[in-house]
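J.:
Numbering (our numbering), first residue to last: 1 to 365.
1) Tell me whether the beta-carbon of residue 103 lies closer than 8 Å to the beta-carbon of residue 327.
2) Would you check if the distance between the CB atom of residue 298 and the CB atom of residue 274 is smaller than 8 Å?
3) For residue 46, which option in 30, 38, 63 has the closest C-alpha, if you only look at C-alpha atoms?
4) Can you list, in chain order, the stretches of the alpha helix (DSSP H) that have 4 or more residues and sit fully within the region 171-217?
5) Assign residue 161 to one of three DSSP states: helix, strand, or coil.
6) Of the choices 25, 14, 15, 98, whose alpha-carbon is the least far from that of residue 39?
7) In whole angstroms, what separates the C-alpha of residue 2 from that of residue 74?
8) From the DSSP output, which residues share a beta bridge with residue 301?
9) Ignore the nearest five residues each way along the sequence and tell me which others in residue 285's own chain have a CB closer than 6 Å to its CB.
10) Alpha carbon to alpha carbon, what distance is there between residue 11 and residue 93?
11) For the 8 Å Cβ check, are there 3 or more pairs between the region 169-176 and the region 132-139?
12) Taking a contact to mean a Cβ-Cβ separation below 8 Å, would you say residue 252 touches residue 209 in this structure?
13) What number of angstroms, rounded off, separates the C-alpha of residue 316 from the C-alpha of residue 59?
14) Cutting at 6 Å between CB atoms, please list the residues of its own chain near residue 44, excluding the five before and the five after it.
15) DSSP state of residue 50, grouped into three classes?
16) Assuming residue 24 and residue 67 are in contact, meaning their beta carbons sit under 8 Å apart, how far apart are those beta carbons, in whole angstroms?
17) Starting from residue 232, trace the beta strand (DSSP E) both ways and give me its first and last residue.
18) Counting only runs of 4+ residues fully inside the region 128-153, write out the alpha helix (DSSP H) ranges in chain order.
19) Excluding the 5 residues flanking residue 160 on each side, which residues of the same chain have their C-beta closer than 8 Å to its C-beta?
20) Could you tell me the alpha carbon to alpha carbon distance between residue 177 and residue 142, rounded to whole angstroms?
21) With a CB to CB cut of under 7 Å and the five nearest residues on each side skipped, what residues in its chain are close to residue 331?
22) Taking residue 84 as part of the beta strand (DSSP E), name the residues at either end of that continuous run.
23) State the beta-bridge partners of residue 296 as determined by DSSP.
24) Starting from residue 41, follow its DSSP beta bridges and name the residues at the other end.
25) Thinking residue 29 and residue 69 are a contact (beta carbons under 8 Å), I'd like their distance in whole angstroms, please.
26) Considering only residues of the same chain and omitting the five flanking positions on each side of residue 114, which have a CB-CB separation below 6 Å?
27) Which of helix, strand or coil does DSSP assign to residue 61?
28) Over what stretch of residues does the alpha helix (DSSP H) that includes residue 119 continue unbroken?
29) Tell me the residue span of the alpha helix (DSSP H) that contains residue 282.
30) What does residue 228 pair with, by DSSP beta-bridge criteria?
31) Output the boundary residues of the alpha helix (DSSP H) element that contains residue 252.
32) May I ask you to verify whether the region 178-198 touches the region 150-159, counting CB pairs closer than 8 Å and requiring at least 3?
33) Near residue 116, what residues of its chain come up, given a Cβ to Cβ distance below 8 Å and the 5 sequence neighbours on each side ignored?
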């Protein structure tokens with residue numbers, strides 16, 4: 001989809017709120033039992049309900065709102081939501097599992113999300129899935145999502161197995177995201193938190209926002225944002241605990257005395273987040289830290305954690321700011337997406353790698 005295609009597409013979106021944080025899953029989920037690893041599966045209970053299993057154990061019960069566009073549109077119309085951006089349920093990203101099954105799963109999920117969008121392209125957009133544990137394949141799937149499927153970008157977790165997002169093996173992925181000016185939604189997984197937090201039953205309230213803050217802080221410190229300046233990193237859940245921690249991160253940077261001139265708070269203004277904070281003061285803090293143009297409405301539809309009615313947290317914002325957060329910021333992001341040929345991006349990666357290898361040999365590293 002060329003830039004003009006996005007321009008035309010934005011004019012055809014239904015009026016109303018745009019929800020950047022919603023989830024979907026195929027009730028006819030692919031059978032991955034032939035692959036090594038612990039992958040999710042879906043068991044249909046009837047035409048309107050199903051349950052997600054992980055390792056054969058119940059993970060979550062879901063209903064038709066996870067896959068039925070007509071059911072979703074009924075809810076959207078009732079709450080004034082014009083458009084939802086669909087994304088995978090984080091448990092299905094499977095970043096810590098063997099690559100072969102994860103590759104198959106990502107491709108299948110993207111086909112499903114594409115089919116959902118196609119039923120009502122004026123009401124739905126999508127973030128795709130990518131097998132980040134296989135970075136070169138993840139690059140190819142990212143390009144396919146943006147170029148061929150017309151997605152806004154992709155969703156990834158806060159960690160890839162035991163690796164942080166700042167790990168150098170993900171550099172090419174983020175560079176291509178930057179070339180495409182694609183969005184990368186960073187979403188925590190509720191089974192990946194510190195065992196102390198899990199055992200205390202605080203995963204949702206403490207573990208997930210902490211995981212998001214750690215991932216974001218590592219990206220800020222690693223300079224990955226400088227190497228991928230046009231990638232649109234969107235932090236779920238209002239940026240987790242990062243907005244509250246930024247002043248302390250700034251002081252820690254100063255105490256470290258490493259000569260860094262740009263504060264973490266300044267660098268954080270390159271990030272974006274959704275509005276899912278459950279609290280106006282927290283939303284206002286996110287707006288202060290990231291900027292009024294870098295926060296977009298998100299609800300976590302259709303799960304119990306979702307904000308209801310959609311956009312209620314925005315009611316006390318000024319008219320101008322509410323318009324930005326509820327719609328225009330996302331439209332601006334989409335208008336900046338710049339698809340290109342797969343060959344063009346692959347050639348750039350090879351050239352970058354060749355230059356890096358040349359520097360490595362020259363310096364004797």
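Just so you know, even glycine gets a beta-carbon here, dropped at the ideal spot from N, CA and C.
T.: To lay it out plainly:
1) Residue 103 is not a Cβ neighbour of residue 327, given a cutoff of 8 Å.
2) yes
3) When only C-alpha atoms are compared, the closest one is 63.
4) Complete alpha helix (DSSP H) runs here, min 4: 171-180, 195-199.
5) Shown here, residue 161 sits in coil according to DSSP, grouped into three states, outside any helix or strand.
6) Check the Cα spacing between residue 39 and each of 25, 14, 15, 98: the tightest is with 98.
7) Caution is warranted here: a pLDDT of 44 is assigned to residue 2, below 50, making its placement in the model unreliable, and no coordinate value can be reported.
8) 22
9) 243
10) 31 Å
11) These segments touch.
12) no
13) Going by the C-alpha atoms only, they are around 36 Å apart.
14) 27, 50
15) Three-state result, residue 50: strand.
16) About 6 Å separates the two Cβ atoms, so the contact holds.
17) Per DSSP, residue 232 belongs to the beta strand (DSSP E) from 232-235.
18) 135-143
19) 95, 96, 132, 133, 167, 170
20) 8 Å
21) 10
22) Residue 84 -> beta strand (DSSP E) spans 81-88.
23) 274
24) In the DSSP output, where bridge partners are listed per residue, residue 41 has 53.
25) Wrong, their Cβ atoms sit about 17 Å apart, outside the cutoff.
26) 149
27) Under the three-state reduction of DSSP, residue 61 is assigned to strand.
28) 99-119
29) 280-290
30) DSSP, once it has assigned bridges, lists no residue as partnering residue 228.
31) Residue 252 -> alpha helix (DSSP H) spans 242-256.
32) yes
33) Sequence-distant partners of residue 116 (beyond 5 residues in either direction) whose C-beta falls short of 8 Å from its own C-beta, in its chain, are 24, 67, 69, 86, 124, 126.
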